[in-house]
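full-length UniProt numbering applies: residue 1 is where the sequence shown begins, and numbers increase by one.
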Amino acid sequence: MQIRPTLLPSNQVESYFSQYKISFVSAKYKLGIVIPCFNEGKRANLQLFREYINESKDYIFCFVNDGSTDRTHEILAILKDEFPDKVVVFNNSINQGKAEAVRVGMNYFLTCKITYIGFIDADLPTPMSEVERLFEIITTQKQLNLVFGSRATLHNPHIKRSRFRQWTGKLFAKLARRALKMDIYDTQCGLKIFHSDLAALVFKYPFRTKWLFDVEIFARAKNIYGTSRLSELVQEVPLYRWEEIKGSKLIILDYIKIPFQFMILAIDIKSNFLKRRLQ
């Protein structure tokens, strides 16, 4: 489904999707998973996608093709044809960035009234068993509104990341803890599952930063609930398996911009900008 690029207005979500005659899936699905995609033609493993979808029980997948210029559209069309009841595909005509791609998919599932929704990276770096493990945690511990993976490599040979990714990950963690003043190891892990109550608040407005929207998720949640209350609502779960596929979308210039984006977030948090905006 081709959709016009836009910063999705929070009060026009349903009409936005309706104008493109996008049908809304049933709330019977236990979990909606958003998968943002940008030029995944070389990295995407079609058979792995099939296995992922087949292994899931009552899950539905929303692929947001964010202006790809390769064969990503073709791959997603195949999945849609093979799994018409479990796959939804949106195709942005131009690239808007991962943050907005995820937000479009999350708002779609919110409109469908699905209680638990989340997102995962398009290279499917962790097996479906890990998704199911996090889903079981958030559904059995009813006080939780967010569970997210942690890629701690200590004593775990099944967490496979390049040395550069490990180094930048540690740097991210330090900067994130300083900005958020929260004890979180891995804000950037690409596997997160939300209760719709929290998702409706943190994905209501476009994100301020392009590559730090994961950190901004926690900043928004903190501004809504406060640090002490938030610690009761979120849980960081060490993953058993994670294997990244080569082909990062980040370029050197992006890494240079990241410290400045952290400064923007830190100023927003200190000035209560996010809290005022979310009210």
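Note that CB positions come from ideal geometry on N, CA and C, so glycine has one too.
Chain D contact for residue i (CB, 8 Å cutoff)
i	result
R133	The structure shown contains no chain D; it is built from a single protein chain.
Contacts around residue i, its chain only, beta-carbon distance under 8 Å, and the 5 residues preceding and following it disregarded
i	result
A77	V89
V237	R133, L134, I137, V147, F148, G149 and S150
T72	C37, F38, N39, E40, G41, A44 and N65
P127	R241
Burial state of residue i, where buried means 16 or more other Cβ atoms lie within 10 Å
i	result
R220	buried
A27	exposed
D85	exposed
P259	exposed
D121	buried
D186	buried
G97	buried
L171	exposed
K204	buried
Q261	buried
Nearest candidate by alpha-carbon position, reference residue i, set the options
i	options	result
W242	T209, E130 and L265	E130
P36	Q261, G118 and K57	G118
P206	T126, K30, E55 and M106	M106
I217	F194, L239, S228 and E232	F194
F61	N95, I114, E100 and A99	I114
K80	A99, Q141, F49 and A176	F49
A99	F213, F172 and D123	F213
A266	L144, L239 and L175	L175
K192	Y116, L171 and K30	Y116
D70	E55, L198, N95 and I184	N95
L180	S231, T139 and K142	S231
L144	V25, A199 and I33	A199
C112	Y225, T227, R177 and S196	S196
Y225	V202, L239, V215 and W211	V202
T227	F262, C189 and D183	D183
G190	E55, F24 and L239	L239
V87	W211, T139 and S56	S56
Three-state secondary structure (DSSP) of residue i
i	result
F262	helix
L191	strand
E236	strand
I269	helix
Y225	helix
I33	strand
S26	coil
A200	helix
L146	strand
Y108	helix
G169	helix
I184	coil
E40	coil
E244	coil
F119	strand
I114	coil
Residues near residue i by beta carbon distance below 6 Å, same chain, minus five either side
i	result
F83	I53
D123	R43 and I245
T168	none
V234	L146
N125	Reading off the sequence, residue 125 comes out as Pro, not Asn. Answer for P125: W242, E243 and E244, listed in chain order.
L31	Y59, Y116 and F135
Y29	D58, I60 and I114
R188	First, the residue type needs correcting, since residue 188 is Gln and not Arg in the sequence shown. F172 and D214.
Spatial neighbours of residue i in its chain, beta-carbon cut-off 7 Å, leaving aside the 5 residues before and after
i	result
I264	R208 and T209
L46	I75 and I78
The ligand COA heavy atom lying under 7 Å from the CB of residue i
i	result
R220	Looking at this structure, you won't find the ligand COA or any other ligand, since it has none at all.
Mind listing, in chain order, the continuous beta strand (DSSP E) runs of no fewer than 3 residues lying wholly within the segment 53 to 105?
Qualifying beta strand (DSSP E) stretches, in chain order: 59 to 66 and 87 to 92.
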